[in-house]
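Below is one structure, written out as structure tokens; comments come after it.
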Amino acid sequence: MRVEILGSAAGGGFPQWNCACRNCSCLRAGSFRGKARSQLQVAISSEGGSWFLLNASPDLRGQIEANSCLHPRDGLRQSPISGVALTSAELDQVLGLLLLRELQPLQIFATPSVRQVVRDDNRMFAMLQRVPNQAQWRDIIPDNSFVLASAGGERSKIRCLPIPLTSRYPSYVPSERAAGLKPGEALLGLIIGTESDTESGSGGRLACFPSVPRIDDALLQQLDLLKSTDLLLFDGTFWSDDELIKVQGTGQTAREMGHIPVSSPEGSLQLLAGLRHPRKIFVHVNNTNPMLDESGPEYRQVRDAGWEVAEDGWHFEL
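Okay, here's the thing in structure tokens:
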């Protein structure tokens, strides 16, 4: 299985367009020891022919153009992108769908609740349904594995196991609407591999958890699954719980925004310290996160703990 990290930053990218924090200012000035990043986007393929996107970034168009494996081929309008698997209804995860509206047949995999929020409640996404079978939506049922397939029905060799993570829906969803949705369908992590790999638990497996509100007993019970993966992409949005408050002087904590921080005894670096087998990479990194600075102590702490900070353009063969 091929894995391409097309983008690695949190919403807004790095630098963020309206931010003059130390990280963004130094990067613009050319004095920052670190790299610019576009908003998180991962693409996977089992054979290099058909590709599937994990969510749909607002930066998707530029990311496709920057990666030749996703360029059109074999016809005037024939993209190798066959489908999209949505792990939530967050804007940073779904806005890129609107960039795929040019009549390309797609399979879109989502929980029924996410489908209702995105497709049924927002008329803009009707642009994906201008002709019959333009976008075919397929249900994801938490804790039930499914195989990625193209709009034409061709099954890939990629099987996904969706892990429910929280009952919290995006802030743009009215509370009365969220109350009518299923709690376990709001946010997923995905454990992905070829069909034979996911059944046997051997090699070639990816765990994609870019948004994790907490590491609780339920998630810790999944550690055996995570230990059997080769590559873990995990929520690295904020270094500390009060990161934005320190930068802005006000705002929400990381946990209030639905992200476990990297540092502190209750952070992911400590709680996942016993997870040694997979290659561990932080993704969805916010522009304010000090671990983006490769000359800083936070970056060294991450590297010393056996973790990496994702960069745009990284690719893996599993």
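Under our numbering, the first residue of the sequence shown carries the number -1, and numbering increases by one thereafter.
Yeah, the Cβ is synthetic: ideal placement off N, Cα and C, and Gly gets one too.
Where residue i falls: helix, strand or coil (DSSP)
| i | result |
| --- | --- |
| Leu223 | helix |
| Val307 | strand |
| Glu183 | helix |
| Gln76 | coil |
| Glu315 | strand |
| Arg157 | strand |
| Glu241 | helix |
| Gln102 | coil |
| Phe123 | helix |
| Arg35 | strand |
| Gly11 | coil |
| Val129 | coil |
| Gly94 | helix |
| Val325 | Because the chain in this structure spans residues -1 to 316, residue 325 falls outside the shown range and cannot be described. |
Minimum C-alpha distance to residue i - residue among the options
| i | options | result |
| --- | --- | --- |
| Gln219 | Gly265, Leu269, Val283 | Leu269 |
| Ile189 | Pro181, Ser165, Gly151, Pro140 | Pro140 |
| Val115 | Leu179, Ile62, Ser165 | Leu179 |
| Leu185 | Gly191, Ser169, Ser143, Ser165 | Ser165 |
| Arg277 | Phe232, Ser154, Ala18 | Phe232 |
| Asp72 | Leu84, Glu63, Ser48, Lys225 | Ser48 |
| Ser143 | Ala149, Ala108, Pro130 | Ala108 |
| Glu183 | Gly191, Tyr167, Thr192 | Tyr167 |
| Asp302 | Glu309, Phe314, Met289 | Met289 |
Start and end residues, alpha helix (DSSP H) containing residue i
| i | result |
| --- | --- |
| Pro110 | 110 to 113 |
| Leu25 | 20 to 27 |
| Arg175 | 173 to 176 |
Delimiting residues of the beta strand (DSSP E) encompassing residue i
| i | result |
| --- | --- |
| Leu231 | 229 to 233 |
| Ala317 | Here the chain comprises residues numbered -1 to 316, so residue 317 is not present and cannot be evaluated. |
| Phe144 | 144 to 147 |
| Cys206 | 203 to 207 |
| Ser169 | That residue, Ser169, is in no beta strand (DSSP E); it is neither H nor E in DSSP. |
| Ile3 | 0 to 5 |
| Trp135 | 133 to 137 |
What are the start and end residues of each continuous alpha helix (DSSP H) run of 4 or more residues lying completely inside the region 245 to 304, in chain order? Within the region 245 to 304, the complete alpha helix (DSSP H) runs of at least 4 residues are 266 to 269, 295 to 302.
Can you find at least 3 beta carbon pairs, one from the region 49 to 63 and one from the region 25 to 41, that sit closer than 8 Å? Verdict: yes, contact present.
Is there contact here, the region 150 to 169 with the region 205 to 214, by at least three beta-carbon pairs under 8 Å? They touch, by the three-pair rule.
Please list the segments of the alpha helix (DSSP H) lying wholly inside the region 47 to 91, counting only runs of 4 or more residues, in order along the chain. You should have 58 to 63.
Should the region 69 to 80 be regarded as contacting the region 88 to 104, the criterion being three or more beta carbon pairs within less than 8 Å? Result yes; three or more Cβ-Cβ pairs closer than 8 Å.
Taking 8 Å as the threshold, find out whether the region 270 to 286 comes into contact with the region 234 to 253 through three or more Cβ pairs. Flag = yes, the region 270 to 286 and the region 234 to 253 touch.
So does the region 121 to 134 actually touch the region 174 to 190, counting three or more Cβ pairs closer than 8 Å? Contact fails: fewer than three Cβ-Cβ distances are below 8 Å.
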